[in-house]
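A.B. asks: In the working numbering, the protein residues as written are 297 to 475.
Cβ atoms here follow ideal geometry from the backbone N, Cα and C, with glycine treated the same way.
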Amino acid sequence: MDPYGTSNSLSAKMVQLTMPGVPDVYQGTEFWDRSLTDPDNRRAVDFERRKAALAAIDAGVQTEARDELAKLLVTSRALRLRRDRPELFGGYSAVDAQGHAAEHLIAFDRGALATGGGAITLATRLPRKLERNGGWQDTFIRLGSAVRDELTGNSYPPGEVHVARLLQRYPVALLVPIG
Numbered sequence: 297m298d299p300y301g302t303s304n305s306l307s308a309k310m311v312q313l314t315m316p317g318v319p320d321v322y323q324g325t326e327f328w329d330r331s332l333t334d335p336d337n338r339r340a341v342d343f344e345r346r347k348a349a350l351a352a353i354d355a356g357v358q359t360e361a362r363d364e365l366a367k368l369l370v371t372s373r374a375l376r377l378r379r380d381r382p383e384l385f386g387g388y389s390a391v392d393a394q395g396h397a398a399e400h401l402i403a404f405d406r407g408a409l410a411t412g413g414g415a416i417t418l419a420t421r422l423p424r425k426l427e428r429n430g431g432w433q434d435t436f437i438r439l440g441s442a443v444r445d446e447l448t449g450n451s452y453p454p455g456e457v458h459v460a461r462l463l464q465r466y467p468v469a470l471l472v473p474i475g
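1) Do residue 415 and residue 470 have their C-beta atoms within less than 9 Å of each other?
2) Quick check on residue 459: does DSSP put it in helix, strand or coil?
3) Compute the distance between the beta-carbons of residue 341 and residue 323, then report whether it is under 9 Å.
4) My guess is that residue 307 and residue 468 are in contact by the Cβ rule of under 8 Å, so how many angstroms apart are they, rounded?
5) Which residues does DSSP list as the beta-bridge partners of residue 402?
6) Quick one: residues in its chain with C-beta nearer than 7 Å to the C-beta of residue 320, no 5 flanking neighbours on either side, listed in chain order?
7) With a threshold of 8 Å, are at least 3 pairs of Cβ atoms found where one atom belongs to the region 447 to 455 and the other to the region 344 to 352?
8) Would you kindly work out how many angstroms separate the C-alpha atoms of residue 315 and residue 402, rounded to a whole number?
9) For residue 461 and residue 330, I'd like the C-alpha separation in whole angstroms.
10) Suppose contacts are defined by Cβ-Cβ distances below 9 Å. Is residue 464 in contact with residue 435 by that definition?
11) Quick one: what does DSSP say residue 343 is sitting in, helix, strand or coil?
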């Protein structure tokens, strides 16, 4: 899969799984799927392959954004977080980005408006144009507290954090408050 398609796919999946509402996921679409038909009811799903891949991710196997495991990583981590920490998904507020490429970041905090500190979704928008315009450069967001990325395990302090640092490994991030 080309890097722009990968970025668009992972970004769409992350937003879909973390935005307000109930996420709807077709069984069998946890990997890249290049078909033009509805995969849920037109072919058998190899559940053993998916089970093995999920076990590998849970065991710490590293994956790159272009690998088919990346989509499973995003899907499993986002859905597990929603299940295990519903308090992180009680509200919705936009997270403002500042800098040269701010228009290329979709960012929102799902915390309750009264308490804040919810799950923060970051997703790349228009990756080809972003690359043509020189990448993230000085673009940053402000974090109100220390957070950990559910996809990479990396931690970030409160304050200004450059988006290039947050999205160094994947074109998406799912940040949760530490502590």
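C.D. replies: The relevant details are as follows:
1) Within the sequence shown, the letter at position 119 stands for residue 415. Within the sequence shown, the letter at position 174 stands for residue 470. Yes, the Cβ-Cβ distance between residue 415 and residue 470 is below 9 Å.
2) By one-based count along the sequence shown, residue 459 stands at place 163. DSSP places residue 459 in helix when its eight states are reduced to three.
3) Walking along the sequence shown from the start, residue 341 turns up at place 45. Walking along the sequence shown from the start, residue 323 turns up at place 27. It is a contact, given that the beta carbons lie within the stated cut-off.
4) Taking the first residue of the sequence shown as 1, we reach residue 307 at position 11. Taking the first residue of the sequence shown as 1, we reach residue 468 at position 172. Between residue 468 and residue 307 the Cβ distance is about 6 Å, and since that is below 8 Å, they are a contact.
5) Numbered from 1 along the sequence shown, position 106 holds the residue referred to as residue 402. Its beta-bridge partners are 419.
6) By 1-based counting over the sequence shown, the position of residue 320 is 24. Answer for residue 320: no residue qualifies.
7) no
8) Counting from one through the sequence shown, the residue named residue 315 turns up at place 19. Counting from one through the sequence shown, the residue named residue 402 turns up at place 106. The straight-line gap from Cα to Cα measures roughly 11 Å.
9) Here residue 461 is taken as the residue at index 165 of the sequence shown, counted from 1. Here residue 330 is taken as the residue at index 34 of the sequence shown, counted from 1. If you take the alpha carbons of residue 461 and residue 330, they lie about 30 Å apart.
10) As a working note, residue 464 is residue 168 in the sequence shown. As a working note, residue 435 is residue 139 in the sequence shown. Cβ atoms of residue 464 and residue 435: not closer than 9 Å.
11) In the sequence shown, the residue the question calls residue 343 occupies position 47. Residue 343 falls in the helix class under three-state DSSP.
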